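Per our numbering, the sequence shown starts with residue 37, numbered consecutively. Structure first, commentary second.
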Amino acid sequence: MHSPRSLALSLALVLLPVAAQDDAQRASSEAAQREAWAHHQAHRYAQAVEGYRAAIARWPENHRALNNLAWLLLTAEDPSARSPQDALPLAERAVALAPDDAGILDTLATAHDALGHPLEAARLELRALRLAPEPATFAPALRDFARRALTTSPDPGTRPELIALALRGELELKPSAPRLRAALEELEGAAPLDALGHAVRAQLLSRLGGR
């Protein structure tokens, strides 16, 4: 009869090769991703796509490869290399694996905007901005997605939220006092405000010295 300790040792010995294989696959995936990124940076898009797909095949949880491939399919300078429809599921998988990564959320937001969903894009970009060490990095996109949604959304009920989203992004860009006053007027004209709207209003008033 085997003791619990000997059984545990046997199990550990069985699992060691599995863990080593997993580590090797992960390392191989990371190497393929680095090579793909070099191609990406050099605008060799076909080679980059091939490399990213190889990285994902070797380690399906490589959220960086998923994100970078999605970003390439959204933003490649060569329009023939772009495919927002293919980028969206890749970005969704990356966010599922790394939900608190601001850059990956930004990629998913960009995919939604490219597919004509600017409201969803703005909501995702707000999450990215809140998580980012440097929120101003994502502020222009938040503003632009929300402004685009304001011109395309058929639902007037989303107007207060969209104005608040746009102004939340704009606040990170240090607007002038006249622009702050105009923003406050725009926001107050969009009542009733939700929690974000009230928070943005408080920020505007604070920047204006409570006036």
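C-beta: ideal position from N, C-alpha, C; glycine also. Nothing here was measured: the structure is a model prediction, and the numbers come from that model.
- Query: Between which two residues does the alpha helix (DSSP H) carrying residue 137 extend?
  - Reply: Element bounds for residue 137: n/a, residue is neither H nor E.
- Starting from residue 181, trace the alpha helix (DSSP H) both ways and give me its first and last residue. 175-188
- Item | Own chain partners of residue 76 with C-beta closer than 7 Å, once the 5 adjacent residues on each side are dropped | 84, 104, 108
- Excluding the 5 residues preceding and the 5 following residue 120 in the sequence, name in chain order all residues of the same chain whose CB lies nearer than 8 Å to its CB. 109, 110, 147, 150, 151
- Task: Starting from the Cα of residue 94, find the closest Cα among 82, 67, 113, 112 and give me that residue.
- Result: 67
- Query: Just how far apart, CA to CA, sit residue 139 and residue 78?
  - Reply: 21 Å
- Query: At what residues does the alpha helix (DSSP H) containing residue 217 begin and finish?
  - Reply: 213-224
- Message: Less than 8 Å between the beta carbons of residue 144 and residue 155, yes or no?
- Response: no
- Rounded Cβ spacing between residue 181 and residue 142 (contact assumed at less than 8 Å): Actually they are not in contact, since the Cβ atoms of residue 181 and residue 142 sit about 10 Å apart, beyond 8 Å.
- Query: Looking at the structure shown, is residue 237 part of a helix, part of a strand, or coil, going by DSSP?
  - Reply: helix
- Smallest Cα separation from residue 97: which of 70, 81, 126? 126
- Contact set for residue 228: own chain, Cβ-Cβ below 8 Å, skip 5 residues either direction: 196
- Query: Between which two residues does the alpha helix (DSSP H) carrying residue 195 extend?
  - Reply: 195-207
- Message: Tell me the DSSP secondary structure of residue 79 in three-state form.
- Response: coil
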